[in-house]
Structures are given as C-alpha cells and as structure tokens.
Amino acid sequence: MSFKKIVALSVFISFLFNCKSEEYRAEIPQIIPIPSTQTINKGYFVLDDNVGISYDDTFKISGDFLRHFIENGSEIKLKNNNDIQFIKDETINNKEGYTLDIQPYQISIRTNTDQGAFYAVQTLRQLLPKEFENNSTSEEKISIQCMTITDEPQFKYRGMHLDVGRHMFSVDFIKKYIDALAMLKMNTFHWHLTEDQGWRIEIKKYPKLQELAAFRNETLIGHYSDQPHQFDGKRYGGFYTQEEVKDIVTYAQSRHVTVIPEIELPGHAQAAISAYPDLGCTGEQVDVATKWGVFEHIYCSKDETFNFLEDVLDEVITLFPSEYIHIGGDEAPKTKWKTCKQCQNRIKSEGLKDEHELQNYFITRIETYLNAKGKQIIGWDEILEGGLAPNATVMSWRGTKGAVEAAKQKHNVVMTPTSHCYFDYYQSTNADEPTAIGGFLPLEKVYSFNPIPEELTEDEVQYVLGAQGNIWTEYMPTQEHVEYMAFPRMLAMSEVVWSKSDNKDYTNFTQRVEHFNKRLDALSINYANHLYEISGELVSKNNTTSYQLSTTIQDKHIRFTLDGSEPNLASELYTQAIPINTSQTIKAAVFNSEKRLGAVFSETINYHKGVGKTITINKTPHKSYSGSGPQGLINGISGSDSRYGDKEWLGFWGEDIEITIDLGEKIDVYTIDMRFYNGEGQWIYAPKYVNVIYDDLEERKIILNKRNELQHDVKINNQNKQRKSVLTRYIKIKVPNYGTIPDGKQGAGNKAWTFIDEIIIN
Ligand code: ACM
Ligand code: ZN
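The structure is reproduced here in structure tokens:
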C-alpha cells in the first residue's frame, strides 16, 4: 500500500470515528451544469504528491488537461500510476457521457471517448479548490469528497457565439472565452468573422480585405437611437491572421471545442464591398460601416461574386476542420437586387419568381460548392425564405418559427431565439447597467429556456441539435464588457443544453452560481452579479392591494423603506407584503447580517383609478413577452425605459389587439396615459393610431405621428368645451398593429411588434 493510500485510509478511519454517533452528512457538490446523477459516498480521496495518474493516447487531451490543471494550479506533482485512472467503457452509449467515481483510494473516469473523459475532468475540476484556477493555494493536500457521478449531455450542439466584426478582441481573449465554454461542457464556438463594420479573417488571395475591409474610419458613440448620431473620429479595426486562426482552432481542439466560422452572405457584406466595389450590384464605392444596423449593399448575384466567395471559402475551409461553415443569410435587404440588371437577368435565366428565390439560389449555390468540399452549411433562419437549400441546418433566431418550419422539412436546427439566447440584451432593470442594444433577458429567463419548440412532434424533435447563446458586440467595446454580458448567462445556457430538465431548479441554480462566482473571480472573469437583486409585484386580492418583494437567494433577507431613503441594516425587515392604498415609493435591498449585498431596488407605484381593476385583452401576448400578464398593464408600475422585455411590457407580434378595462362602476375618467415602445432595430413599432371607446358609446381615434423616440407616449385627455371628464365603467382601447416593416429598415417585410406598458387612468 502506498503512503498516499495509508493517508487516505487514516483520513477515512478518522472520518468514520468522528462521525460515529452522528448521521452522515455531506454537501451535494455545486457543479454547473448540474450532472445527471450524483451520489455522495463516505470518505475522501486525498490528493497530494503521492498520487499518480495514468492514461493512454485514447485519453490524451483529457489526461493532459487534468495533469496540467493540478500541476499548474498547485504545488502537487503527479506520479505515473493509476490512482487517477481513465477507463474506456464501450457500454456508455453517449460519446460525451461519463462516470466519475471517487473512492478513498482511487478516482476512476469511465467513458467511451476522450470527449466524455474531458467532461469528467471538468466535473472533477469543479470539485477541486477554486485556488487551483490561478495557482493561489498553499495547500499540499486536498481532500475530495467521495462520490459517484454519472452524466451525459441532453443536446449534442452546445454553443456560444461571438461577433468580432463590430468589435474585435485579442487572440488571448478568444482563448479565454473558449476555455470558459469548455469548462461549462459546451462544445461549439461560433465565430462571427465578417460584418458590415469590419472583415476580420485574413484571406491571402484578396489583400484589400486586410488593407481596407478590416478598418472603419470611426465608430458610433452612444446608442443608435440617440439622435443626432455622433462618432468618435477614431479609425478602428484589425483582423486575425491565418496563423492566429490556426492557433485558435488548435487550442479549441485541445478542449474539444469545434470552431464554426461565419462568413456572412449575401448580406452584412458592406466591408467586403468597400474593398472590392464590384462585388456589389452598383459598383459604387462605399465605406466600411461606422454605425450599426442593416445595410443595402449586399453581394450581387453575378458570377464574379461567386468566384470571390468560392475563393474565400477555399481558404476558410483549409483553416477550420469543422463539419459546418456558417454562411449567415440573415438581414439581406433586396433593394439593390431589385434594380440590378445582372440580378434581374439571373432571376429570369434561373426561372426564379422573385428576389427571395434569388436569395435561395444564392445560398443553394454556395451550399453545393461547400458540400462538394465535404462541408455542410448552417445559416440564420432567413435561409428558409424562398425555399431551403437541400442540406442546410437552420439557426433559428427570430423566435422559434424558423426551427419548427425547418424541422418539419426534416432539416437540422440550432435554437438561438432572441427571447432567450441574445446576451446582448439587458440582464437587469437597474438604471446603472451599461448601455445595451435593448430588450431584457435576465438570468432566470435564459435558465427557463427549453430548446425543443412545443409545436414539434416526437419524431421531429430529433432535428433539434441544441442551442447557443449569442454575443453581438455593437455595445461591447472591451473584453471585460463581453464577459459582463456573457456571465452568468453562459452558465444558465450550459445547463439548458447539458442538464436533464428534471434536475433543473432555478433557486438551486442561483446558489450554485453564488458559489461558482468565486471560481470566476479566480479566473479573472468579469461577470455580472445580479443574484442579490429584488423583484417586486403588485398583488390585488379581495379589493386590497399590496406589494410583494422577493429575491432568489434564500439564506439572505430583505430590508425596505417607504420614505425614499436608502435601506440600511437598521431599516425595516421585510416579512410580508406591503399594503398599498396610495402612490408610494418602495426602496429595498438584500442584506446578510453584516452588510447590503446587491443594488438598491426602487419602485414607484403610481396608484391610479385602474389599479386592481379587471382587464382583458382579446389576444394572448407572445409567449416570450407575456410579462406579468394583462393585469400588469394596470398595476401602477411602468416598464423600464430602455428594456422592453421587462415584465411590465407586453409584446404582440403582428396582431391587432383590443384591451378592455372594467372599472367596476361608472366613474369620472379625466385622462388616460399609455405608452408604446418604438425600437426599430428590434422590429418594434408604435401603432399609427389607437381607438378609445367608453361604455360602447363614444369612439375616439388618436393618431400617433411622432415616432422617433424609444418610447411613444400617448395622452388621451377627456376635457373639452362641453365637459371635464367622461363617466364610464368600461374603457376599450383598440391598438392596430403597425403593419409590415418598411423597406430599408431592419426586418423589412416582416410583421412589426407592438409593445405596450402601463395604462394610467386618472
Ligand atoms: C441576427 O441577429 N441578425 C442573426
Ligand atoms: Zn446585382
């Protein structure tokens, strides 16, 4: 028996001795993503200089990773024996599955592949002290709780995306990002390499892509909706050399991460067209874009453009061993094609119906080229327009409709709907959040995501490969900012794609995130921490109204004030809902016994005549933007200004809606204030007018004509020469959808969204 085993045995015996009269209790480990099964066993494995590790070439990546993790993270040097052993087990069907068995004398990893072993190692890593992450431990002996974990992923595609077109990040940062994916058992890095605002991959045959397309003259400052637009006046850009790309791909391989490059076509091509104007329809000289949005200068469908794209793809496929090449396909306005002689000739010569079928021709021609080279294409869900290329995989981003359509056509899909997967959206309603594109996607909503659309039959479910979180970087100029937006939402996404839904529990997850944050600190990852935030809800029951506060972390408490002051340790402890019978400002925060932990929550309740009354809407809000339901429109609380997806905003897609409020009895109504969101970049448009009807008698049409603001306020004033108010019990408000998004705007040709928040009745 080795010295190490004697130590382990004595630790085990003293453990038994110490526990003799006590019930055995061991903490369930706090692993993210949560494994399929975890059984705690008695005893500890002691990791120190006496421990050895053995693995053959089958497990080279995972064995090397573990050895380096232990040896670089601590003073421990491993011997060569099988205290930690890797066993090939062909009975484990899922090639990414594993069993990790920690016994007092041995750690055994059973798996069919190195990938499975790699994920066992990532689990073991999370059982080791966080100090191993940055070699800050002085311990020479680590006790690891004995346990048995069996585990396998739910989905085979588990991805994170990064846009390096809008902003670019160092090779070291890309590796750090890949490291984080791998730690969370994600296996795909979708690298968005070309954009209107910059071309970021070296293509040797086309040097102007490096000289010109990789640089823009300046960059928009502030939010796109801030008018007038202002620019920083600074040249910005760069690109990854092919050597750097190879280095990153090799690095990712050593973590079982596949890198899928995205070369956007036919849209988001303005940078390439600025370098080679003949790639566009008009041949005119355009600049690399300096602001965000969708641009009309897309690739022309003439043969010369295909020659260019094929040359580019030839170089790309030599750099990326991945089965897939992402060819974009999204947001390609057809304006230039409509007036281009060559594109119109192409439509005629190919017998196509219109420009949408020309888009299909474009994608299919590229698919045929890539298929012949042994590659498959993946594209954003617009590739469904005008017919789907025969072998394409669809990345569903505009909701889940594209996925459903594609799966019904027996095409593979990857789920990345904006509602649950766009990590460029705000994650908190705090006013001091850094500027984001818009929207609202808190951690809990990511966590709640089910990648399987409910419309699919049992047979169609097989086409859902998995899901992915997206990081579009218009508003993320630095790597710290990317990390802030990616974490902790990436943790939630890892559990969405890896863990069994039966094992998912949000409260339990947040406790594990609290623990995991310390590991992220050790890794110098700049995560956002909204764990100690409070949410509030106005509740009306039996003619009384009260305000409930809650927080997800359970072992902390809430203190609040009603006088506008900041809550502190002496403020009133929240134990039950706060009664509300007048307008009120509530401030609250989460505390432990020593200090305040999170930001101060502040809610102003505007107690108006509609609060607590009855409201019905003839259409159900879209399931991704159903907020706190229709009642949220008369709960005294307005939605936040820039976050249309918070629970006070209700979203309807392309539908005319009719809202009816029953005030219970006839009362004087002087004014009605309502508000619509107006975020064109997110396809959200205030209606052109609304109609208001009182007790089915009087109908008024209110025209909304000023529509460049983020929120569009509507005031209905019932005062006129004859009267000061309207006596009514019922208020009906008809809100027609804006209609089809006009040409030249983002999402042109699609239905517009309507977003509405509080209806204030006075
Ligand atoms: C996308 O967000 N345009 C795919
Ligand atoms: Zn053309």
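Under numbering that gives the first Met the number 0, the sequence shown is numbered contiguously, ending at residue 761. Think of the CB as a built atom: it goes at the ideal place given N, C-alpha and C, for glycine as much as any other residue.
Please state the DSSP three-state secondary structure of residue i.
| i | result |
| --- | --- |
| Q583 | strand |
| C339 | coil |
| I30 | coil |
| A7 | Its pLDDT being 42, under 50, A7 is placed unreliably in this model, and the value from its coordinates should be taken loosely. Of the three classes helix, strand and coil, the one that applies to A7 here is helix, per DSSP. |
| T753 | strand |
| S127 | Reading off the sequence, residue 127 comes out as Leu, not Ser. Of the three classes helix, strand and coil, the one that applies to L127 here is coil, per DSSP. |
| I247 | helix |
| L180 | helix |
| Q144 | strand |
| N761 | coil |
| T417 | helix |
| N716 | strand |
| V668 | strand |
| Y729 | strand |
| Y688 | strand |
| E283 | coil |
| L65 | helix |
| R345 | helix |
| G438 | strand |
| R450 | Contrary to the premise, residue 450 reads as Pro rather than Arg in this sequence. It is coil, neither helix nor strand. |
| Y23 | Here the model assigns Y23 a pLDDT of 48, short of 50, so the residue's position is not dependable and the matter cannot be decided. |
| I297 | coil |
Out of curiosity, what's the CA-to-CA distance linking residue i and residue j?
| i | j | result |
| --- | --- | --- |
| M182 | K750 | 40 Å |
| T428 | K612 | 26 Å |
| Y368 | I202 | 18 Å |
| V248 | Y239 | 12 Å |
| P332 | I259 | 25 Å |
| Y676 | G221 | 19 Å |
| N502 | E261 | 34 Å |
| I702 | K714 | 11 Å |
| R157 | D88 | 24 Å |
| G746 | I740 | 6 Å |
| K723 | K665 | 15 Å |
| G51 | H514 | 29 Å |
| G197 | W291 | 11 Å |
| L530 | D694 | 46 Å |
| V445 | S418 | 8 Å |
| K744 | Y737 | 14 Å |
| P620 | T415 | 20 Å |
| M489 | R674 | 33 Å |
| F439 | W648 | 10 Å |
Tell whether a beta-carbon distance below 8 Å holds between residue i and residue j.
| i | j | result |
| --- | --- | --- |
| A588 | Y546 | no |
| E602 | G535 | yes |
| E453 | A406 | no |
| I30 | Q125 | yes |
| Y97 | G72 | no |
| Y425 | S641 | yes |
| I470 | F422 | yes |
| A270 | T218 | no |
| Y250 | I177 | yes |
| Q467 | H189 | yes |
| V244 | L318 | yes |
Which residue from the options puts its Cα closest to that of residue i?
| i | options | result |
| --- | --- | --- |
| K335 | A527, C299, D225, V668 | C299 |
| L596 | G350, N390, N528 | N528 |
| I730 | T739, R722, I758, T38 | I758 |
| L308 | A391, Y205, G398, G385 | Y205 |
| S61 | N49, A485, D48, I83 | I83 |
| S639 | Q121, D431, D286 | D431 |
| N93 | H191, S107, T112 | T112 |
| S539 | S498, D504, S627, M492 | S627 |
| T659 | R728, H607, H556 | R728 |
| G236 | K140, V287, T434 | V287 |
| N449 | I436, T472, A435, C420 | C420 |
| D100 | F131, K41, E70, K155 | K41 |
| V463 | G437, P476, P487, K400 | K400 |
Say the cut is 7 Å; is the CB of residue i nearer than that to a heavy atom of ligand 4?
| i | result |
| --- | --- |
| S169 | Annotation note on ligand 4: not contained in the displayed structure, which lists ligand 1 and ligand 2 as its ligands. |
With DSSP as the reference, please indicate the residues paired to residue i in a beta bridge.
| i | result |
| --- | --- |
| Y239 | I200 |
| L46 | I141 |
| T38 | T147 |
| K700 | N690 |
For residue i and chain D, any beta-carbon pair shorter than 8 Å?
| i | result |
| --- | --- |
| G236 | This model lacks chain D altogether, as it is built from one protein chain only. |
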